[in-house]
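Which chain is which? The protein sequence lines are U and C, in order.
Letter by letter, the first sequence follows residues 239 to 546 of the numbering used here.
Letter by letter, the second sequence follows residues 239 to 546 of the numbering used here.
All residues carry an ideal CB built from backbone N, CA and C; glycine is no exception.
Computed from a predicted model, the values in this text were never measured in an experiment.
Here the structure is laid out as structure tokens; the discussion comes afterwards.
Number of protein chains: 2
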Amino acid sequence: MSQDNATFDRITIIGAGLIGSSLARAIRRGGGVGTLILADADAAVLAEAKALELADIYCADVCEAVKNADLILLAVPVGAMASVAEKMASSLKEGAIVSDVGSVKAGVVKAVAPMLPKGVHLIPGHPVSGTEQSGPSAGFASLFDDRWVILTPPEGTDDTALGALSAFWTKLGSRVEIMTPEHHDLVLAITSHVPHLIAYNIVGTASDLETVTRSEVIKYSAGGFRDFTRIAASDPTMWRDVFLNNKEAVLEMLGRFSEDLTALQRAIRWGDGEALFELFSRTRDIRRKIIDAGQDDEAADFGRPHDD
Amino acid sequence: MSQDNATFDRITIIGAGLIGSSLARAIRRGGGVGTLILADADAAVLAEAKALELADIYCADVCEAVKNADLILLAVPVGAMASVAEKMASSLKEGAIVSDVGSVKAGVVKAVAPMLPKGVHLIPGHPVSGTEQSGPSAGFASLFDDRWVILTPPEGTDDTALGALSAFWTKLGSRVEIMTPEHHDLVLAITSHVPHLIAYNIVGTASDLETVTRSEVIKYSAGGFRDFTRIAASDPTMWRDVFLNNKEAVLEMLGRFSEDLTALQRAIRWGDGEALFELFSRTRDIRRKIIDAGQDDEAADFGRPHDD
């Protein structure tokens with residue numbers, strides 16, 4: 239690690255998809271890194287990353303990729319973390335920091351921690367940002383700008399290592415928060431995992447109807463449905479792994495969602511307009527606060543193009 | 239009605255909100271209308287429309303507003319249609335066309351038809367477009383460009399009147415489809431009403447948790463939740479009326495949604511990764527088709543701003 243807390247001499251990113259390739263771009267944009275290594279097990283993905291000139295060195299082999307690296311960032315689906323960690327473990331440098339970008343944290347700690355040798359700092363992380371697209375070409379440097387990155391250091395984590403990783407993300411343009419893996423998984427279950435699940439679900443429901451054709455669903459999607467198709471177009475492997483690895487928190491939040499939906503269903507059945515109006519009025523306020531907090535744009539309709 | 243089927247000498251829009259004011263702008267942009275009258279029962283809304291110079295004449299009184307009009311467009315919440323129709327009925331000109339922009343059609347036909355005198359053509363309509371914002375200033379001329387407008391003419395509707403209304407919408411830039419009110423209500427239940435309901439619902443669920451704070455929900459909303467807050471910021475009165483007036487179709491579609499969600503919940507509980515992966519893979523395809531059909535933009539993340 240160099241003197242400047244926010245920079246590392248040698249950084250390895252494993253996984254050159256949307257997040258990994260955006261990380262490479264953001265690191266390059268920020269400057270200050272000695273050598274940037276990008277690894278991917280998929281030869282086509284690695285070739286695409288190379289063609290985009292995203293890093294200094296490209297590796298198909300993770301052991302080769304992590305040698306002498308000061309910071310290793312795992313940007314692979316949550317279900318692949320353990321096997322990557324196992325493979326690379328013996329090649330890690332003493333004092334290296336291993337982090338990740340997975341959407342589930344308790345599961346990652348449990349899967350990855352036992353694989354790593356002593357003297358290596360494991361500090362799991364999760365940048366709360368992304369798009370519905372996948373692959374090296376979908377990435378962009380500003381993906382993490384003003385977005386939160388949650389770090390979940392295990393008890394006893396070295397303060398200097400934690401400080402360096404925090405400074406690294408801050409330099410990329412992100413805001414850093416620290417919490418336990420368990421709390422992270424609960425928060426993300428409601429702000430990300432359940433929203434994805436119900437988006438996938440309604441798109442599935444709409445495709446399977448007998449009384450309304452798929453062509454009608456597509457034609458009239460501007461009534462609201464099309465919004466849900468965006469996140470329902472996200473990477474299937476990544477999201478399968480999220481649900482398999484954050485089962486308890488997702489089921490808990492899903493239970494709350496379904497309970498509330500049943501109450502709304504009952505209000506509709508009994509014509510309780512007051513209950514509907516009350517809910518529909520207070521949800522406006524959260525949108526306002528998200529815009530005020532800089533987490534979304536205030537342009538109408540997500541800023542979809544329009545003329546006056 | 240003038241010779242040109244797409245133009246009317248005198249058009250009255252009742253309701254100067256997002257849709258009514260966008261209609262006024264789109265009509266003005268298209269040209270060819272003799273006189274455009276805008277009416278609103280709310281003095282502040284009418285004053286705002288006047289300040290924006292959206293029409294030729296501004297009326298607080300609907301009877302005054304509809305006198306001698308060839309086309310009357312009701313752009314008020316579905317629950318207010320009947321009382322507006324009742325008020326204006328005796329002032330309508332023989333041969334006038336009365337249409338609307340309500341999101342529910344069978345209920346509108348049932349409520350409005352009995353109010354109108356013989357010799358007036360009732361042809362309910364619904365432009366499938368909008369944003370989460372409200373009021374005269376939120377409107378814009380291109381709101382209906384390339385969006386579908388569904389007309390639901392009652393049996394025995396005059397062909398010339400139907401042709402004139404279709405040509406009117408086509409001239410505004412829309413695509414016109416004709417179906418029964420009942421089928422419309424079923425299609426919109428899945429493409430618009432249930433999506434709004436589950437968006438309102440998840441925002442409500444997220445606000446009421448004890449284990450995750452509202453501040454955390456706002457901070458980490460970029461994980462997917464923020465997408466839902468957009469439509470959950472839509473007009474509460476309008477949406478209360480939609481659910482009260484399309485009860486049966488909404489309950490039917492909601493039943494399907496909940497059934498499918500329960501199956502997904504079970505797949506998560508039992509770790510059935512294959513079932514999750516299968517659904518998550520086929521939902522991508524619908525997004526692609528919506529983009530190909532020109533009903534959404536292909537830019538990642540709804541085109542939210544980003545740099546390379």
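Does residue i have its Cβ less than 7 Å from a Cβ in chain U?
| i | result |
| --- | --- |
| Thr449 (chain C) | yes |
| Asp278 (chain C) | no |
| Glu486 (chain C) | no |
| Thr418 (chain C) | no |
| Arg478 (chain C) | yes |
| Phe406 (chain C) | no |
| Arg525 (chain C) | yes |
| Asp539 (chain C) | yes |
| Ala262 (chain C) | no |
| Ser367 (chain C) | yes |
| Ser328 (chain C) | no |
| Asp545 (chain C) | yes |
| Tyr296 (chain C) | no |
Terminal residues of the continuous beta strand (DSSP E) containing residue i?
| i | result |
| --- | --- |
| Leu312 (chain C) | 309-312 |
| Ser337 (chain U) | 335-338 |
| Ala277 (chain U) | 273-277 |
| Glu415 (chain U) | 413-416 |
| Pro365 (chain U) | 363-365 |
| Asp296 (chain C) | The residue you asked about is not Asp; residue 296 (chain C) is Tyr in the sequence shown. Note, Tyr296 (chain C): beta strand (DSSP E), 295-297. |
Using a Cβ-Cβ distance under 7 Å, would residue i count as near chain C?
| i | result |
| --- | --- |
| Asn483 (chain U) | no |
| Phe246 (chain U) | no |
| Asp534 (chain U) | yes |
| Gly255 (chain U) | no |
| Asp423 (chain U) | no |
| His434 (chain U) | yes |
| Leu410 (chain U) | no |
| Pro474 (chain U) | yes |
| Ser372 (chain U) | no |
| Asp498 (chain U) | yes |
| Gly509 (chain U) | yes |
| Asn306 (chain U) | no |
| Gln241 (chain U) | The predicted model places Gln241 (chain U) with a pLDDT of 42, which falls under 50 and marks its position as unreliable; any figure quoted below should be read in that light. Answer no: the Cβ-Cβ gap between Gln241 (chain U) and chain C never drops below 7 Å. |
| Phe466 (chain U) | yes |
| Gly270 (chain U) | no |
| Ala344 (chain U) | no |
| Ile528 (chain U) | yes |
Is the distance from the Cβ of residue i to the Cβ of residue j below 7 Å?
| i | j | result |
| --- | --- | --- |
| Gly461 (chain C) | Leu426 (chain U) | yes |
| Ala471 (chain C) | Arg522 (chain U) | yes |
| Phe481 (chain C) | Ala437 (chain C) | no |
| Ile335 (chain U) | Leu403 (chain U) | yes |
| Asp338 (chain U) | Leu312 (chain U) | yes |
| Leu284 (chain C) | Ala262 (chain C) | no |
| Ser459 (chain U) | Gln503 (chain C) | no |
| Gly340 (chain C) | Leu256 (chain C) | no |
| Arg468 (chain C) | Glu370 (chain C) | yes |
| Asp535 (chain U) | Arg542 (chain C) | yes |
| Ser380 (chain C) | His544 (chain U) | yes |
| Phe540 (chain C) | Phe540 (chain U) | yes |
| Phe515 (chain C) | Ile440 (chain U) | no |
Given that a residue counts as buried once 16 or more other Cβ atoms are within 10 Å of its Cβ, and exposed if not, what is residue i?
| i | result |
| --- | --- |
| Pro374 (chain C) | buried |
| Thr451 (chain C) | exposed |
| Trp477 (chain C) | buried |
| Asn306 (chain C) | exposed |
| Ala282 (chain C) | exposed |
| Gln241 (chain C) | Low local confidence applies: a pLDDT of 42 at Gln241 (chain C) is under 50, so the model's placement there is unreliable, with the coordinate-based value given in what follows. By the 10 Å Cβ count, Gln241 (chain C) comes out exposed. |
| Lys457 (chain C) | buried |
| Arg525 (chain C) | buried |
| Thr245 (chain U) | buried |
| Asp308 (chain C) | buried |
| Glu332 (chain C) | exposed |
For residue i, which residues of its own chain have a beta-carbon under 6 Å away from its beta-carbon, when the five flanking residues on both sides are left out?
| i | result |
| --- | --- |
| Ala487 (chain C) | Asp423, Leu424, Ala427 |
| Pro419 (chain C) | Lys343, Ala344, Val347, Thr390 |
| Ile416 (chain U) | Leu389 |
Please list, in chain order, all residues of the same chain as residue i whose beta carbon is under 7 Å from its beta carbon, the five residues on each side excluded.
| i | result |
| --- | --- |
| Ala513 (chain C) | Ala505 |
Going along the chain, which residues of its own chain have a beta-carbon closer than 8 Å to the beta-carbon of residue i, five neighbours each way excluded?
| i | result |
| --- | --- |
| Met326 (chain C) | Ile252, Val300, Cys301, Ala303, Val304, Ile310 |
| Leu354 (chain C) | Ala323, Ala327, Leu330, Val336, Leu360 |
| Thr273 (chain C) | Asp247, Arg248, Ile249, Asp294, Ile295 |
For the alpha helix (DSSP H) that residue i lies in, which residues bound it at each end?
| i | result |
| --- | --- |
| Ile428 (chain C) | Where Ile428 (chain C) is concerned, there is no enclosing alpha helix (DSSP H), given that its DSSP letter is neither H nor E. |
| Leu389 (chain C) | First-last for Leu389 (chain C): 386-389, but that is the beta strand (DSSP E), not the alpha helix (DSSP H). |
| Gly541 (chain U) | Here Gly541 (chain U) belongs to no alpha helix (DSSP H), and DSSP marks it neither H nor E. |
| Thr250 (chain U) | Premise fails: Thr250 (chain U) lies in the beta strand (DSSP E), 248-252, not in any alpha helix (DSSP H). |
| Glu324 (chain U) | 319-326 |
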